[in-house]
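Engineer: In the numbering used here, the protein residues as written are 3 to 280.
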Amino acid sequence: MPQDEAATCSVLRYARGTVIPETDLVAVEEPLELRLVQGDEEQSVAVTMRTPGADLDLALGFLYAEGAIRDAGDVLSLAEWRQGDLTTPNVLRVELRSGFEALRTLSRHTFTSSACGVCGTGSIERLALRARPAVWNGPPLAPEVVCGLPEQLRARQPLFAATGGLHAAGLFTAQGECLAVREDVGRHNAVDKLIGWALGRGLLPLSDHLLAVSSRAGFEIVQKAALAGLPMVSAVSAPTSLAVEVAGSFGITLVGFVRGDRFNVYSFPERLRLENVR
């Protein structure tokens, strides 16, 4: 585990009337600033709180979600801010093919927390300008595959195991094979990191793939899935009403409360091999 992704702190642990001083691991939360560069000029376009790690993927995923880039080739350079031998790990400088024209699409020119929701895409109408209905070419998915996603996700969450304080997003094939998992204090950051990873490998749109998250399925999760072309989103907790609406509008099978051998299907159930329906 990278040392900067977890920190040690002193705690008093209470259990059954006894108090014991111990040390504990907590998830690191630090700001990440993204600066847009053109020639000798640069401008800050976003600051978000995140867990350090996979920052370049996070930046790619954010820029894609905001419509500033269409693919990884639109990024001319992306690196930590440097001056001589000094590096600022919490600042990324990005040079885009479109230059400062990207500022017209970037709508988050301010500080946001790691629990940020909409993250720049403020409505289904705006989302419809870029997202298209997701594609599923395979046969209906066995319920057992969906039920197994949380366990696979948890097995690949070393930071959560150490701190209990992070969300995770995982990308899976239609056969349930895990391709990648990313962790972060922010639900939307974890998804941005994952989509940025896929974007950098030329995998978008992610037709016939599944997104699994260790949190609730809010609007910000499902809208990012729609932009990436993901046809199925699985969450261990509840969806929101707007998430259900987005899933229904963009051809996404939304599954919530995936726990043990149970789950709820909120949209496009025909992608699942469901039997004994009463």
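Backbone N, C-alpha and C fix where the C-beta goes; we use that ideal spot for every residue, glycine too.
(1) Assuming contact is defined by CB atoms lying nearer than 7 Å, are V248 and V267 in contact in what I supplied?
(2) Could you round the C-beta distance between A200 and V215 to whole angstroms and report it? I think they count as a contact, below 8 Å.
(3) Let me check understanding here. Comparing Cα to Cα, which of D87, T242 and E97 lies closest to A74?
(4) Check the C-beta distance from L53 over to L213 and give it rounded, since I have them as a contact under 8 Å.
(5) For a test of the three-state rule: what should DSSP assign to R264, helix, strand or coil?
(6) Given this structure, state the Cα-to-Cα distance separating A1 from K226, to the nearest angstrom.
(7) Using the rule of at least 16 other Cβ atoms within 10 Å of the residue's Cβ for burial, across every protein chain shown, is L276 buried or exposed?
(8) Can you have a look at R189 and say buried or exposed, based on whether 16 or more other CB atoms are within 10 angstroms of its CB?
(9) Let me check understanding here. Comparing Cα to Cα, which of L181, A136 and A176 lies closest to R158?
(10) What first and last residue would you give for the beta strand (DSSP E) that runs through D186?
(11) Using DSSP with H/G/I as helix, E/B as strand and the rest coil, what is A117?
(12) Exposed or buried, which one is G1 when buried takes at least 16 other CB atoms within 10 Å?
(13) Per DSSP, which residues does S217 bridge with? Please list them.
(14) Three-state secondary structure (DSSP) at L205?
(15) For L232, does the three-state DSSP call read helix, strand or coil?
(16) Which one of G204, P241 and V13 has the shortest CA to CA distance from S217?
(17) Below 7 Å between beta carbons: does that hold for L108 and E43?
(18) Sort A9, G178 and A56 by Cα distance to D2 and report the nearest one.
(19) Leaving out five residues before and five after N139 in sequence, what residues of the same chain have Cβ atoms less than 8 Å from its Cβ?
(20) Which of helix, strand or coil does DSSP assign to A9?
(21) Taking 8 Å as the threshold, find out whether the stretch 148 to 164 comes into contact with the stretch 9 to 22 through three or more Cβ pairs.
(22) Rounded to whole angstroms, what's the CA-CA distance from R261 to S100? Just pull it up for me.
(23) Straight-line CA distance for R281 to Y66?
(24) Are there any heavy atoms of the ligand ADP lying less than 6 Å away from the beta-carbon of A133, as far as the coordinates show?
(25) Inspect the beta-carbon positions of P33 and N92 and report whether they are closer than 7 Å.
Structural biologist: So, to answer that:
(1) no
(2) Not confirmed; about 15 Å, so no contact.
(3) E97
(4) In the sequence under discussion, the amino acid at residue 53 is Thr, which differs from the Leu named in the question. That belief does not hold up - the Cβ atoms of T53 and L213 are roughly 19 Å apart, past 8 Å.
(5) strand
(6) With the chain covering only 3 through 280, there is no way to say anything about residue 1.
(7) Here L276 is exposed, its C-beta having fewer than 16 other C-beta atoms within 10 Å.
(8) buried
(9) L181
(10) C180 to D186
(11) Caution is warranted here: a pLDDT of 49 is assigned to A117, below 50, making its placement in the model unreliable, and no coordinate value can be reported.
(12) Nothing can be reported for residue 1: it is not among the residues displayed for the chain, which extend from 3 to 280.
(13) DSSP output for S217 lists no bridge partner at all.
(14) coil
(15) L232 falls in the coil class under three-state DSSP.
(16) P241
(17) no
(18) No answer is possible for residue 2: the residues shown for the chain start at 3 and end at 280.
(19) S209 and D210
(20) Secondary structure at A9: strand, using DSSP grouped into helix, strand and coil.
(21) no
(22) 45 Å
(23) Nothing can be reported for residue 281: it is not among the residues displayed for the chain, which extend from 3 to 280.
(24) For the ligand ADP, the structure offers nothing, since it holds no ligand at all.
(25) yes
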